[in-house]
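Here the structure is laid out as structure tokens; the discussion comes afterwards.
2 protein chains.
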Amino acid sequence: MGLDQNQWSEEEHQAVQRIRKRVIEVVGRNMELYGITLSTGHLYGLLFFADKPMTLDEMGREMQMSKTSMSTGVRTLLDLNMVNKVWEKGSRKDLYEVEYDWYQTFTDYFATQWRRAVESNLQVLRRALKEIDRLLEQPDASEFVVEILTKDRDKIRQAESYYRWLDRVIDAMEDGELYKLVPRES
Amino acid sequence: MGLDQNQWSEEEHQAVQRIRKRVIEVVGRNMELYGITLSTGHLYGLLFFADKPMTLDEMGREMQMSKTSMSTGVRTLLDLNMVNKVWEKGSRKDLYEVEYDWYQTFTDYFATQWRRAVESNLQVLRRALKEIDRLLEQPDASEFVVEILTKDRDKIRQAESYYRWLDRVIDAMEDGELYKLVPRES
DNA sequence: TGTTCTGTACAGTTTTTTCTGTACAAACTT
DNA sequence: AAGTTTGTACAGAAAAAACTGTACAGAACA
Numbered sequence: 004m005g006l007d008q009n010q011w012s013e014e015e016h017q018a019v020q021r022i023r024k025r026v027i028e029v030v031g032r033n034m035e036l037y038g039i040t041l042s043t044g045h046l047y048g049l050l051f052f053a054d055k056p057m058t059l060d061e062m063g064r065e066m067q068m069s070k071t072s073m074s075t076g077v078r079t080l081l082d083l084n085m086v087n088k089v090w091e092k093g094s095r096k097d098l099y100e101v102e103y104d105w106y107q108t109f110t111d112y113f114a115t116q117w118r119r120a121v122e123s124n125l126q127v128l129r130r131a132l133k134e135i136d137r138l139l140e141q142p143d144a145s146e147f148v149v150e151i152l153t154k155d156r157d158k159i160r161q162a163e164s165y166y167r168w169l170d171r172v173i174d175a176m177e178d179g180e181l182y183k184l185v186p187r188e189s
Numbered sequence: 004m005g006l007d008q009n010q011w012s013e014e015e016h017q018a019v020q021r022i023r024k025r026v027i028e029v030v031g032r033n034m035e036l037y038g039i040t041l042s043t044g045h046l047y048g049l050l051f052f053a054d055k056p057m058t059l060d061e062m063g064r065e066m067q068m069s070k071t072s073m074s075t076g077v078r079t080l081l082d083l084n085m086v087n088k089v090w091e092k093g094s095r096k097d098l099y100e101v102e103y104d105w106y107q108t109f110t111d112y113f114a115t116q117w118r119r120a121v122e123s124n125l126q127v128l129r130r131a132l133k134e135i136d137r138l139l140e141q142p143d144a145s146e147f148v149v150e151i152l153t154k155d156r157d158k159i160r161q162a163e164s165y166y167r168w169l170d171r172v173i174d175a176m177e178d179g180e181l182y183k184l185v186p187r188e189s
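From first to last, the protein sequence lines stand for chains A and B. Counting in the numbering used here, the first sequence runs from 4 upward without gaps. Counting in the numbering used here, the second sequence runs from 4 upward without gaps.
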């Protein structure tokens with residue numbers, strides 16, 4: 004794992020690796036919550052324990068995967084702000100390390116995902132409401148279609164109300180209100 | 004859409020369908036947030052607008068897909084509590100309708116997903132902590148491995164702290180505390 | 001400027017997921 | 001009890017996603 008192995012025995016190395024591997028395995032798997040691949044999750048776990056920022060080549064060696072895959076994996080993690088690029092003089096390779104502020108990672112991720120969905124949904128719902136209202140204003144609308152349209156409108160309004168709520172939840176996450184409800188430790 | 008089309012003109016039908024289709028398309032796509040397929044998302048959208056509970060055959064006809072797919076799709080949505088099975092005398096087919104309480108759906112889904120991850124992560128982290136402590140107690144541990152183990156332990160403790168927080172967030176969602184921070188409308 | 005090295009684009013392969021048609025068990029009807 | 005009908009299991013086809021190796025542009029160095 005990029006450590007100078009002369010400084011410790013083989014058994015010690017093995018023991019540490021065994022512990023890390025199990026944690027990486029589980030944490031990596033559960034990162035599917037963030038919509039990332041199992042292998043990208045493992046990559047994250049690897050970086051989590053890395054004693055120093057890693058290069059693509061090092062990751063590839065540890066993961067036994069191609070550098071191309073490391074490149075795309077790291078990019079995914081960068082996009083999610085789960086990994087940061089690190090500058091280090093001397094090395095001309097790019098170096099990466101995990102973002103250790105998991106609270107931030109969590110908040111960032113879901114705020115971004117949900118916001119995107121909320122915005123596009125609200126847009127289409129409002130547009131639909133307008134069109135329904137326009138149709139309802141037509142004097143020659145059959146009684147039957149008026150009933151249908153009214154029902155649809157109610158459903159859409161309810162959905163809109165929900166998305167406004169979710170939007171406020173996202174706000175609460177982004178500006179730290181959530182931490183008032185559920186405080187961080189220490 | 005299961006409506007008696009004698010009661011309204013073809014243009015009216017088309018107009019309603021056009022509006023619904025656009026909403027279904029967008030809402031369905033954004034349901035990938037819930038880890039469900041685009042087509043299952045569409046199925047959900049279809050049920051959302053349905054004027055009455057639908058059968059698998061009706062869904063298949065509307066979606067232009069096989070009944071098998073409808074069966075699996077509905078089961079997915081049932082598992083996520085996004086759709087309910089409805090009993091109606093006279094029909095011997097199973098009937099389904101969407102769960103209109105989106106707040107509940109949202110809360111349910113993420114509480115379940117996150118809880119599963121939190122539990123398995125906490126378990127593996129605590130087990131790792133124990134092992135690290137055991138190794139650290141060994142008198143013949145090299146200075147170097149002690150340093151590594153201590154670093155790992157710190158990282159794991161930090162992660163553990165984060166998961167405890169997330170666990171409390173989930174609690175807050177499940178027992179409705181979240182609605183105190185961000186109230187529902189009306 | 002020429003040389004070396006690093007990250008990624010891209011095409012092709014492998015793996016995974018989704019979807020369909022058939023077959024059948026269980027439930028309902030007569 | 002015999003005859004329908006309904007939902008799903010299962011195997012195979014189709015589609016999508018993940019992964020790899022090669023090739024190359026651009027940066028770093030000499």
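Where is the CB? At the ideal position from N, CA and C, for every residue including glycine.
1) Taking the alpha carbon of L132(A) as the point to measure from, which residue in V26(B), E15(B), Q10(B) and E61(B) has its own alpha carbon closest?
2) Here's a check: name, in chain order, each residue in its chain whose Cβ is nearer than 8 Å to the Cβ of W117(A), leaving out the five neighbours to either side.
3) Spatial neighbours of M57(A) within its chain, please: C-beta separation below 7 Å, excluding the five flanking residues on both sides.
4) What residues from chain A crowd round D54(B), counting only those whose CB sits closer than 8 Å?
5) Can you list, in chain order, the residues of the segment 11-33 of chain A whose Cβ is nearer than 9 Å to any Cβ on chain B?
6) Could you tell me the alpha carbon to alpha carbon distance between L36(B) and E177(A), rounded to whole angstroms?
7) Can you have a look at L41(B) and say buried or exposed, based on whether 16 or more other CB atoms are within 10 angstroms of its CB?
8) Which residue's Cα is closest to the Cα of V77(B): V101(B), Q161(B) and A120(B)?
9) What's the call for L139(A), buried or exposed, on a 16-neighbour Cβ count within 10 Å?
10) What span of residues does the beta strand (DSSP E) with E188(B) cover, start to end?
11) Please name the residue, chosen from Q161(B), E61(B) and V19(B), that lies closest to K96(B) on a Cα-to-Cα basis.
12) What residues from chain B crowd round Q161(A), counting only those whose CB sits closer than 9 Å?
13) Listing by chain order, which chain B residues have their CB less than 7 Å from the CB of A131(A)?
14) With 16 as the cutoff for other CB atoms within 10 Å, does D155(A) come out buried or exposed?
15) Look at the alpha carbon of R64(B) and the alpha carbon of A114(A), and state the distance between them as a whole number of angstroms.
16) Y99(A) bridges to which residues according to DSSP?
17) Nearest CA to the CA of D104(B): which residue from R119(B), S94(B), Y166(B) and L83(B)?
18) What separation, rounded to the nearest whole angstrom, lies between the Cα atoms of F143(B) and R23(A)?
19) Between which two residues does the alpha helix (DSSP H) holding D136(A) run?
20) Who are the Cβ neighbours of K183(B) in its own chain at under 8 Å, not counting the five residues just before and after it?
21) In or out: V89(B) buried (at least 16 other Cβ within 10 Å) or exposed?
22) Just mark T43(B) as buried or exposed, buried being the case when its beta carbon has 16 or more other beta carbons within 10 Å.
23) Measure the alpha-carbon distance for R137(A) versus G179(B) and round it to whole angstroms.
24) In terms of residue numbering, what span does the alpha helix (DSSP H) encompassing D240(B) cover?
25) Using a beta-carbon distance below 8 Å, is S164(B) in contact with chain A?
26) What's the gap between the Cα of D111(A) and the Cα of E122(A)?
27) So, is T75(B) buried or exposed, given that buried needs 16 or more other C-beta atoms within 10 angstroms?
To lay it out plainly:
1) Nearest of V26(B), E15(B), Q10(B) and E61(B) to L132(A), Cα basis: V26(B).
2) Contacts found: L169, V172 and I173.
3) If the five residues before and after M57(A) are omitted, its C-beta is found closer than 7 Å to the C-beta atoms of G5, L50, L98 and Y99, all from its own chain and listed in chain order.
4) Using a Cβ-Cβ cut-off of 8 Å, D54(B) is close to I151 and K154 of chain A, given in chain order.
5) Look at the segment 11-33 of chain A: the residues with a C-beta under 9 Å from a C-beta of chain B are W11, S12, E15, H16, A18, V19, R21, I22, R23, R25, V26, E28, V29, V30, R32 and N33.
6) Between L36(B) and E177(A), the C-alpha separation is close to 19 Å.
7) Flag for L41(B) reads exposed.
8) Cα-wise, what sits closest to V77(B) is V101(B).
9) By the neighbour-count criterion, in which 16 or more other beta carbons inside 10 Å mark a residue as buried, L139(A) falls on the exposed side.
10) It is not in any beta strand (DSSP E) - E188(B) carries neither H nor E in the DSSP assignment.
11) Ranked by Cα distance from K96(B), the first of Q161(B), E61(B) and V19(B) is E61(B).
12) Ordered by position in chain B, the residues that pass the 9 Å Cβ test against Q161(A) are Y103 and W105.
13) Within chain B, the residues whose beta carbon sits less than 7 Å from that of A131(A) are I22, R25 and V26, listed in sequence order.
14) Counting Cβ neighbours within 10 Å, D155(A) comes out buried, since at least 16 surround it.
15) C-alpha separation (whole angstroms): 37 Å.
16) Answer by DSSP bridge pairing, in chain order: M57(A) and K88(A).
17) Of the candidates R119(B), S94(B), Y166(B) and L83(B), the residue whose Cα lies closest to the Cα of D104(B) is L83(B).
18) According to the sequence as given, residue 143(B) is Asp; it is not Phe. When rounded, the distance between both Cα atoms is 21 Å.
19) Start and end: W105 to E140.
20) None.
21) So V89(B) ends up on the exposed side.
22) By the 10 Å Cβ count, T43(B) comes out buried.
23) So the two alpha carbons sit approximately 38 Å from each other.
24) Past the edges of chain B, shown from 4 to 189, lies residue 240(B), and the structure says nothing about it.
25) Closer than 8 Å to some Cβ of chain A, the Cβ of S164(B) qualifies, so yes.
26) Each residue's CA atom was taken as its position, placing D111(A) and E122(A) some 16 Å apart.
27) Flag for T75(B) reads exposed.
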